[in-house]
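All residue numbers for the sequence shown refer to my numbering, where the first residue is 214 and numbers rise by one.
For each residue, glycine too, the CB sits at the ideal point set by N, CA and C.
Below is one structure, written out as C-alpha cells; the observations come after it.
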Amino acid sequence: MNITSDVKDGKLTAQVTIEAEKVDAAIKKAAKDAAKKYNFPGFRKGKAPRRVVDSALGKEYILGNATNELIGSNEGAVLNELDIVPVKEGDYQEIDLCADGTDYTYTVEFKLRPAPELSSYEAVAIEMPPAEVTEAEINQQIDMLMGYHATFEDVERAVEDTDYVTVDIKDVENAEALAGEGRMFAVGGGNQPKEFDEGLKGMNIGETKTITWTFPGEEETTASSEVTVKSIRTRNIPELTDDFAKENFGFDGIDAMRDAVKLEIEQDKTTQLPQLKENRAVAELAKRLELEELDEDYEQSVFQDLGQNFLQSLSSRGMNLDTWLQANRLTADQFIGDLHRQANDVARESLALDALARNLKVEVTDEDIDAEFANAGVEDVEAAKAAFLADGRMAAIRDSIRRTKAVEWLVENAQVTEVDEVAKAAEAKDAE
C-alpha cells in the first residue's frame, strides 16, 4: 500500500494505492462469498465459478463488494500510516470500482482537530491548598461531624440565611429539576442558584413568590419557579465538649478528636492534592488557548466520547440513564446541556496540551507505547498493540502519551502559591 497526503484548511487529503495482488485477492474472496451466499443452478453451494456468478449477479456486484472490502479493511492501516485521529469519519471521494490485475487507487479526506497556539508557553501560576493541615480545615471537618447531631426548631418569622425551609415548587420555565412538593432547602448552603437563595430570604410561611435566575454558560439560560413556603426551621448545633466527643464519637476528648481529624485530612491530601494540582494547572493552561470558537465537529466527537464513557460507568454500576436522571432530578435536556459544557472544557484543555506538546517537541518512543499498555494492566501487550493497529487507534495512544508528557512538564514547572482556601471561604462568607 502506498499513501500520499496533503493538509490544507484543517483537512488531510490522502491518495491510497493498493497493489494489484491484494486487489485480485479481494475480488477472488468476493466471488467465493457470493457463491456461498446464493444458489446457482447446476452447481453446489459455494462451487459456482466466477463467470457464472458474474453472469447471474452482474460483474459490478463482485467488484463492488471487493472495493468495499479493500477500502474498509485498509482504513485502520491508512490511519496508522498517516498517524492522525480524525474528528469524523473519512469522506471517500469519487470511488471507482476496482479491476482485475490492476492497482487500485482511491482518495479519502479526513477532517483534523484544530491546532491553535497558546498566548504563552511559560509555566502556569496556580493556587493550591497547603500540604500541611490547617486549623480551618480541621474546624470545617468537625463542624460537619457536629452537624450530624444537629436538631431543628420550627420558627414563626421570615426566612433568614442558614435557615432550613420546606417549600412547594412549580416549574415556570426551565426549573424542572427543582419542581416538587415538600422540598427542603438549606438557605445559603450553595446547593441551589444564589438568586434562588436570595429570593427565599424574607418570605413568610404560606407566602407564594416567583423566583427567577440564570444558568451561566456560553448561552445564558433563564429559569423561574413559583415557590410557596410551607415551614421554616432553624438548625441548632450542640456544644462540643470533652464529654460530648467521648459519648458520641468515641474519643477521649476534644484534643484527641482534633488529632484524629487532622490525621484523616492528611491522608486525604496525600492522595488528592497531586490530582488537584494537575487539574488546576491544565485548566489554567487552557485559558491561554488562542481559539475563540471551538470547532463543532471536534466538540461533538469529545461529547460522544464523554457520553459513551458515562453510560459505560452507569452500566458497570447496574444503572441506566433514566434511573440516574430521576435520582438526580435532572431532565435529559439538562444532562445533555451539562455534558456539552463539559465537552467544551475537555476539548479546550486537550487542544492546549497538544499545543504545549508541540512547543516542547515531545516525542513518543516504542518503549513509551509499551509502557502505556502495560500501565493500563494489559497482559498481552503485543496482542493489544496489534488490535489497536488493525483498528487505526494507535495514533490516539500516541496523542495520549504526548499529552501526559505535557502534563508532567506543566505540573513540575507550575508556580504554586499556597492558600488556606477553607479559611478564605469562611472569611468571605462572614463578610457577606
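{"query": "Any 3 or more C-beta pairs closer than 8 Å across the stretch 333-346 and the stretch 235-251", "result": "no"}
{"query": "Close-in-space but distant-in-sequence residues of the same chain around Trp622 (CB under 8 Å, 5 per side omitted)", "result": "Leu569, Leu573"}
{"query": "Cβ shell of Leu524 (< 7 Å), same chain only, five flanking positions each side left out", "result": "Leu534"}
{"query": "Boundaries of the alpha helix (DSSP H) in which Gly277 is found, first to last residue", "result": "272-295"}
{"query": "With 16 other Cβ atoms within 10 Å as the buried cut-off, status of Thr217", "result": "exposed"}
{"query": "Straight-line Cα distance separating Val440 from Lys422", "result": "5 Å"}
{"query": "Buried versus exposed call for Lys324 [16 or more other C-beta atoms within 10 Å across all chains shown]", "result": "buried"}
{"query": "Cα-Cα separation, Glu389 to Leu543", "result": "7 Å"}
{"query": "Environment of Gly360 [buried if 16+ CB atoms lie within 10 Å]", "result": "exposed"}
{"query": "Burial state of Ile450 (16 or more Cβ within 10 Å)", "result": "exposed"}
{"query": "With 16 other Cβ atoms within 10 Å as the buried cut-off, status of Thr280", "result": "buried"}
{"query": "Rounded straight-line distance, which links the Cα of Ala556 to that of Gln513", "result": "8 Å"}
{"query": "Through-space distance from Asp465 to Val380, alpha-carbon basis", "result": "42 Å"}
{"query": "Reference Leu358, options Val632, Phe462, Ile582, closest by Cα", "result": "Phe462"}
{"query": "Among Asp309, Arg446, Ala469, nearest to Phe457 - alpha-carbon criterion", "result": "Ala469"}
{"query": "Sufficient close CB pairs (3 or more, under 8 Å) joining the stretch 579-588 to the stretch 268-284", "result": "no"}
{"query": "Contact under 8 Å by Cβ, Leu331 with Leu276", "result": "no"}
{"query": "beta-carbon Asn404 near the ligand FMN non-hydrogen atom, thresh 7 Å", "result": "The ligand FMN is not part of the structure shown, which contains no ligands of any sort."}
{"query": "C-beta contact flag for Asn502 and Leu564 at 8 Å", "result": "It should be noted that the sequence gives Leu, not Asn, for residue 502. Yes, they are a contact pair."}
{"query": "Per DSSP, cross-strand counterpart(s) of Thr454", "result": "Answer is none; Thr454 lacks a bridge partner."}
{"query": "N- and C-terminal bounds of the alpha helix (DSSP H) containing Asn522", "result": "509-529"}
{"query": "Cβ pair count under 8 Å reaching 3, the stretch 290-304 against the stretch 223-241", "result": "yes"}
{"query": "Alpha-carbon to alpha-carbon, Ala599 and Leu566", "result": "27 Å"}
{"query": "Under the three-state DSSP convention, the category Asn352 falls into", "result": "helix"}
{"query": "Gly401 versus Thr454 - alpha carbon distance", "result": "27 Å"}
{"query": "Endpoints, the beta strand (DSSP E) within which Ala338 is located", "result": "338-341"}
{"query": "Paired residues, beta bridge with Phe253 - DSSP", "result": "In the DSSP output, where bridge partners are listed per residue, Phe253 has none listed."}
{"query": "Distance CB(Arg448)-CB(Phe516) smaller than 8 Å", "result": "no"}
{"query": "Cβ-based burial, Arg257 [other Cβ within 10 Å; buried from 16]", "result": "exposed"}
{"query": "Spatial neighbours of Asp367 in its chain, beta-carbon cut-off 8 Å, leaving aside the 5 residues before and after", "result": "Ser444, Ile445, Arg446"}
{"query": "Leu486 vs Ala560 beta-carbon contact at 8 Å", "result": "no"}
{"query": "Close-in-space but distant-in-sequence residues of the same chain around Val474 (CB under 7 Å, 5 per side omitted)", "result": "Ile351, Gln354, Ile355"}
{"query": "According to DSSP, residues forming a beta bridge with Gly393", "result": "Ile382"}
{"query": "Whole runs of the beta strand (DSSP E) within the stretch 295-333, excluding any shorter than 3 residues", "result": "304-306, 317-324"}
{"query": "Contact check, Asp237 vs Asp313, beta carbons under 8 Å", "result": "yes"}
{"query": "Contacting residues, own chain, Cβ-Cβ under 8 Å from Gln405 (five flanking each side not counted)", "result": "Leu391, Phe398"}
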